[in-house]
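Everything on this sheet refers to the single structure shown next.
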DNA sequence: ATGTGC
């Protein structure tokens, strides 16, 4: 596969259409030597070529520098489909529908925070149920759950979690319109009822961080980011409910595909034409799951604020932004001079709207959209913005995180959870986790260097780096 | 990612 890669610009590699029979477009991989070297050892490139074979794909099959192997589509992949000839695929969104990140920033200094670090870490761990199968913040009956599924973070605010002002700092204002809660299976509903306000497991986390480097003074001022200030980052998704929605529609589409005569190089790429009842059904269900994720992060955010209030009454944790990195979105883009609607799949990739974009909240029109890039455990995280070049070249998209280089299984063999915990504590990071297994699977050695990932998208010009954050305390499933 | 899977 790597023989078909050629460098076509700064941090850009094209995967030739010769790489595989049936490709409609080439691949475009963002990376430097470090990234490309690690790519070779995986099957992710093959997945980039597979995605290029799907009907109606436009431009390129894109790979962000944090790309790694996923279900059908690579994680770190972006693919835009023409509304008439294109398809939609649950594999292009992922099992954790609307998994995403939010960051809340304060004017509290690290020095003020440290004496209370243990108590706050334990307080968050107690306030936010963590781990596989975690439940307990709210017990929703079916009717109330469905309100969350149609109204997203708005419903959480109506129930007293956070403020209406928060909604202006959430992608899509915290609510995807035209969601179809009534279309979800009984099993999906059942799995969601007790999971609102829960973190889950895997790479999900709540992290207390400190702003430790500002790269773009002007934008940082606009975002109210100041060196030495404490922030809280939350990474989680739609839990068992979103997982069930994905599973249900993979089954439906696998069967429906023959009817539409869609042929795919890998059965995990099962998809249906965008103009089909199965596509409508998936989109409406996916939006309901996304609204669950948006509400979930809103509830968790409000509960974390409550913990800080106990020790620092009056200190604000202002929501800077909340972004999803597992979504399919119907969007208008100007691509190679033509303005058209596309279904943009971003799986382990973040939307990154450029300065001036009309869908941005007014306060971010000048800077461009805040993009939140969590690092791996114990490493730094970043705040970026979208750029005009990214809007033009890759449907206003960028990376989403460090990206795995080791499977969970391989990671577990390199270090025990207890050792990972000790390593983090020796770095001065407070840790509370539901399971040692997760700590071992999420060891930073299992991930790429996030700094390299972020510098690739910056050098390629599809994002700008605004600020870096260092972890102080981590709460995990 | 996941009421994790051979």
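Numbering (my numbering), first residue to last: 1 to 477.
Glycine is no exception: its CB is placed at the ideal position from the N, C-alpha and C atoms.
The model shown is predicted, which means the values in this text are computed figures rather than measured ones.
| Asked | Found |
| --- | --- |
| Determine the closest residue to residue 245 out of 427, 183, 48, with distance taken between C-alpha atoms. | 183 |
| Return helix, strand or coil for residue 411, following the three-state DSSP convention. | helix |
| Alpha carbon to alpha carbon, how far is residue 19 from residue 64? Give it in angstroms, no decimals. | 18 Å |
| Taking buried to mean at least 16 other C-beta atoms within 10 Å of its own C-beta, is residue 96 buried or exposed? | buried |
| Taking the C-alpha atoms as reference points, what is the distance between residue 235 and residue 367? | 23 Å |
| Let's test the definition: count the other Cβ atoms within 10 Å of the Cβ of residue 8 and tell me whether it reaches 16, buried, or not, exposed. | exposed |
| Residues in the same chain with beta-carbon distance under 8 Å from residue 456, minus the five sequence neighbours each way, listed in chain order, please. | 11, 30, 31, 32, 35, 65, 399 |
| Drop a sphere of 10 angstroms on the beta-carbon of residue 164, count the other beta-carbons inside from all chains shown, and report buried for 16 or more, exposed for fewer. | exposed |
| Which residues in the same chain have their Cβ closer than 7 Å to the Cβ of residue 460, if we skip the five residues on either side of it in sequence? | 10, 11, 12, 30 |
| Taking one C-beta from the segment 213–229 and one from the segment 355–371 each time, how about it: are there three or more such pairs within less than 8 Å? | yes |
| Flag this pair as yes or no: are the beta carbons of residue 262 and residue 278 separated by less than 8 Å? | no |
| Using the C-alpha atoms, what's the distance from residue 166 back to residue 28? | 36 Å |
| From which residue to which residue does the alpha helix (DSSP H) around residue 34 run? | 33–39 |
| Applying the criterion that 16 or more other CB atoms from any shown protein chain within 10 Å of the CB defines a buried residue, is residue 49 buried or exposed? | buried |
| What does DSSP give as the partner residues of residue 27 in its beta bridges? | 15, 61 |
| Looking at residue 106: is its Cβ nearer than 8 Å to the Cβ of residue 317? | yes |
| So is residue 241 buried or exposed if we call it buried at 16+ other beta carbons inside 10 Å? | buried |
| Pull up the CB-CB distance for residue 383 and residue 225, whole angstroms please, since I reckon it's below 8 Å. | 7 Å |
| Over the uninterrupted beta strand (DSSP E) stretch that includes residue 182, give me the two end residues. | It is not in any beta strand (DSSP E) - residue 182 carries neither H nor E in the DSSP assignment. |
| For residue 526 and residue 94, what's the separation of their Cα atoms in angstroms? | Within the shown structure, residues of the chain are numbered from 1 to 477, placing residue 526 beyond reach of any answer. |
| Near residue 514, what residues of its chain come up, given a Cβ to Cβ distance below 7 Å and the 5 sequence neighbours on each side ignored? | Lying before the first or after the last residue shown, residue 514 is absent from the chain, which here runs from 1 to 477. |
| When the Cα atoms are used, what is the spatial distance from residue 271 to residue 238? | 21 Å |
| How long is the line joining the alpha carbons of residue 187 and residue 266, rounded to whole angstroms? | 27 Å |
| Between residue 359 and residue 102, which are expected to be in contact by the criterion C-beta below 8 Å, what is the C-beta distance as a whole number of angstroms? | About 18 Å; that fails the 8 Å criterion. |
| How big is the Cα-Cα spacing for residue 477 and residue 339? | 43 Å |
| Quick one: using the 10 Å Cβ neighbour count with 16 as the cut-off for buried, is residue 118 buried or exposed? | exposed |
| Indicate the three-state DSSP secondary structure (helix, strand or coil) for residue 243 in the structure shown. | helix |
| Work out the CA separation of residue 331 and residue 354 for me, nearest whole Å. | 14 Å |
| Which value, in whole angstroms, describes the spacing of the CA atoms of residue 351 and residue 325? | 7 Å |
| Tell me the start and end of each unbroken alpha helix (DSSP H) in the segment 367–448 that is at least 4 residues and wholly inside, in chain order. | 388–393, 408–414, 417–426, 436–441 |
| Is it true that the segment 83–90 meets the segment 461–477, where meeting means three or more beta-carbon pairs spaced less than 8 Å apart? | no |
| Taking the alpha-carbon of residue 38 as reference, which of 446, 466, 458, 464 has the nearest alpha-carbon? | 446 |
| Relative to the C-alpha of residue 296, which residue among 127, 153, 250, 396 is closest? | 153 |
| Return the chain-ordered ranges of every alpha helix (DSSP H) run that is complete within the segment 158–233 and spans a minimum of 4 residues. | 164–167, 186–192, 217–222 |
| Do residue 207 and residue 26 count as a contact pair if the criterion is CB distance below 8 Å? | no |
| Taking residue 174 and residue 294 to be in contact with their CB atoms under 8 Å, please state how far apart those CB atoms are, rounded to whole angstroms. | 5 Å |
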